[in-house]
Every structure is written in C-alpha cells, then in structure tokens.
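Here's the structure we're looking at; comments come further down.
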Amino acid sequence: MPDHRPPPPHPLDRHPLDPDRTVPALLVKVGHYPEHPGGLGVIRTLGRLGVPVYAMVEHPRTPAAVSRYLTRAFVRPSTGLEDPAELVERIRETGRAIGRPAVAVATDDEGAVLLAEHAEALADRFLLPPVPPALPRELASKAGLYRLCVRHGVPTPRALAPGSRDELLATARDWGYPVVLKNLEAWTRLRHPVVGHTTVVPDEAALRALLPPDGRPSVLLQEYLPAERCEDWISHLWIGSDGGAGAAPDTVFTGRKVRSWPPYSGVTTRARAESNPELAALALGFCHAIGYRGVADLDWRRDLRDGRYLLVDFNPRTGAQFRAFETVDGVDVVRALHLGLTGRPVPPGPQLERGFAVGQLDLPSALVSAWHERRIPADLRPRLSTERSWLARDDPAPAAAEVFWFGAAVGRRLRRALG
C-alpha cells in the first residue's frame, strides 16, 4: 500500500504558504551521486510545508533517504547507461507506487530530459511544466546552448564543438591557452565522459592527455575568461507562464558564486544571494525568448573589462544550490514549482540576502583559493543567515549520514592513491 503519511510540521518555518498538501512530489534522479545537497534541499523545502515527498535514491541510507521530511525512499539505482525507455518505466513504476499524481522534480539534466521528452507517457502519473519536449536536451547540450545564445543575442563565451581531434587542437592553438573543456551534452557525461567536470586546460600537452586517441571527441571547447577579470553569478528561475500580458509573475533569483570545488570550475560550494535586476531581466528575457517553462539554474560570468554578463551554462532543472535563494514570503524555485503546477498562487515578494555553503567541500576550496590568490578568502565566518547543505537543527540525520558517505569516499581515494 502507498505510504501517504504527511511529514511532521517544521517548527522553524516562519512563512505560512498554502500548498496543496494532497499533491505529493517525487525527486527524480539519473546516475550515481548519493551526496547531493540539492536533492536533500527538495525534500526539506517541501516537507517543511507538509507536502509528502518521495525520492528515487541509490541506497536506503543516503543523506536524502534518512531525512525526517521524506515520506518514502524508492531505491532505484541507475548509471545513465540504461535505455531511456527503461528509465521512464522506472519513473512510471514509482508513480504507480505513490498512487496519486505527483509533481516530478529533476535534479540532473538527464532526468529533466526524460521528463520533457516523455511527458505524454508520464502525464497520467505526474504534473509537469509544459516545456517544449526537445528544449531541455538542447539547453543541456553545450553546443545547443551556444547556438541558442547566438540566435537570441545573449552574450556567451566563444565556443566550438569540434568535428575532429585535429580541429580541436588547432582551434585551441589559435585561441591561446588556457582553454575550457566540457563534456558536450547530457548522457555523454555519464556514458562517454572526456572530463569529470568543467576543466581549465593549461596547455596543449594537458589537452592531448585528456582526449581519446582517435575519433570525434564529445566535448565543447570554450574560451577561457580569466578569474581575476571576472565575477561568477547565478540565476535560479521558475517560469510558469509564457510571459504574455496578464500572465502570472515568474520567480527569479540572482546571486554570486563565491567558491566552487574544484576551484574556479566545479560545483558551487559557497554562494551568496544578491539582488541584480539587470541579470534577472537578462535571464527572464532569454527564457521567454526560447519558450522555456519550469525550473532552471543558469551560470554566468561577468567580464569586468566591459561589464557584460556571459551565459556559460543552462541547467534545465533544479540546481544543487537552489536553497541559497528564498523570498521574504518563503518561496524558493521548488516551492514555486509545486505551487504553480497545483494551481496555487506564487507570492511575488523580493528575495532575501543570504548565503549557502557545502561545508566539507568549501573548506578545501577556500584553502586552495587562499594559496593561489595569496589572500584570505571571502565568507569564511559562519553566519546565521547561511543555509547549510547538510546541517539542520530540525533534521540532523542527513548530516550524520553525509559524514559516513564522505569519509568512505575519501578512504577509497586514499587506497587508490597508495596502491
């Protein structure tokens, strides 16, 4: 029998939103990444409102799986190597077990692509935003995003999806090193990854070492924007309308990426919410121009030489650091998604100025940054307004689970390094 017990009320929530608590949510994941703060954030932010939350997890003891706000965990491990039809059937099977229509929340590009491209097959089980079916795949493709930016006049770094290894090497020589290398699109990063993450390549020898010996490399070559001449910015959005006259207002947040791991190119380890009307308008304008609907996480670099914001990544799903952003009424993009898809109003209040930190990754990032920059990094001191990725007074079990998972991962790497 489906488990429909509501989660316990959140004793600290000061923002009395009124979601439809008869409509649960399902966290959808593709690939193996058990230590993901974004998934836990989805569970907590909806669970604290009394919305039943279910999750597809890799193991029954992941940090997300032990949250007090999770109604039920479905152990559905995946690698991304499976046939998409098989993955869609797993999602449908989970929906049948829940027993009533649910809001689906993807935390990776592959999950977002599956939900969009198979929305018709999932419509009897899930509430989904009416995004054009092919658009999330195009946005998750680094080459597709570059084409869309050029077509709609949105600034973006110079980029190339090479047709051959020789073309890639020749272009890198022409542009000059360092250059940036990214896996080309969703699925290839799981099935045929060339790099583990966005990678700054310092010279040709390092580039040759990364590339397969023959064939067309499935990568995007991108112009390097010097860290000392740039700022990293983020925008998180909920687009619930087509932007026409009389449409309900969208929800958009902006903020600064302070640090990442690996430094300067990896996942966000510390962010700070800052209102930026210029960037908000740029992000909303692009989403409406391409017809995007749903939740999105956009990464930008502001070139301090000319003041332009350049779009470097568009994630057509919930971002790992989305809990950095909340309005004075308690709305974040996941709450806006649930409210919007269930026909409830989304209060349009201003965003709070606050921060977000992934502690076990931010400390090494800060140390490396201090070494390279020869200065004390920003935002080291704990602040009450900072949203912690794992620690929460009302939900302590995930932090304890993360200690185990992180320690085990470090131990495995040490054993490999020591032979």
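Using the working numbering, read the sequence shown as starting at 49 and increasing by one per residue. A virtual CB, placed ideally from N, CA and C, is assigned to each residue, including glycine.
Between the alpha carbons of residue 351 and residue 206 lies a distance of about 13 Å.
Contact between the segment 114 to 131 and the segment 81 to 94 is present, with at least three C-beta pairs closer than 8 Å. Remark: C-beta atoms of residue 372 and residue 303 approach each other more closely than 8 Å.
When C-alpha distances from residue 253 are compared across 273, 200, 220, the shortest belongs to 220. By the CB criterion at 8 Å, residue 385 and residue 179 fall outside the cutoff. By a beta-carbon distance limit of 8 Å, residue 122 does not contact residue 136. Their separation comes to about 15 Å. The three-state reading of DSSP puts residue 334 in helix, counting H, G and I together. DSSP places residue 190 inside the alpha helix (DSSP H), whose first and last residues are 190 to 200. Taken through DSSP and simplified to helix, strand or coil, residue 401 comes out as coil. Looking from the CA of residue 143, the closest CA among 329, 73, 354 belongs to 73. If you look at residue 279, you'll find it isn't in any alpha helix (DSSP H); it sits in the beta strand (DSSP E) that goes 278 to 287.
Just measuring C-alpha positions, the residue of 75, 268, 101 sitting nearest residue 365 is 75.
In chain order, 217 place their CB closer than 8 Å to the CB of residue 256, counting only its own chain and leaving out the 5 sequence neighbours on each side. In terms of CA proximity to residue 97, 69 leads the group 222, 69, 329. Distance from the CA of residue 377 to the CA of residue 65, rounded to the nearest whole angstrom, comes to 8 Å. Nearest C-alpha to residue 339 among 422, 177, 450: 177. Residue 434 has its alpha-carbon roughly 11 Å from the corresponding atom of residue 440. For residue 211, the closest alpha carbon among the candidates 267, 251, 240, 242 is that of 267. Per DSSP, residue 436 is one residue of the beta strand (DSSP E) stretching across 434 to 436.
Within the same chain, and ignoring the five residues on either side of residue 449 in sequence, the residues whose Cβ sits closer than 7 Å to its Cβ are 109, 110, 111, 114. Taking each of 422, 425, 453 in turn and checking the Cα distance to residue 408, the smallest one comes out for 453. In this structure, residue 370 sits near residue 381, with a CB-CB distance shorter than 8 Å. The C-beta of residue 277 has fewer than 16 other C-beta atoms within 10 Å across all chains shown, which makes the residue exposed.
For residue 308, the enclosing beta strand (DSSP E) starts and ends at 299 to 309. Across the structure, residue 305 and residue 347 are spaced so that their CA atoms are roughly 9 Å apart. In the structure shown, the three-state DSSP call for residue 78 is coil. Between residue 149 and residue 164 the beta-carbon gap is near 17 Å, outside 8 Å, which marks them as no contact.
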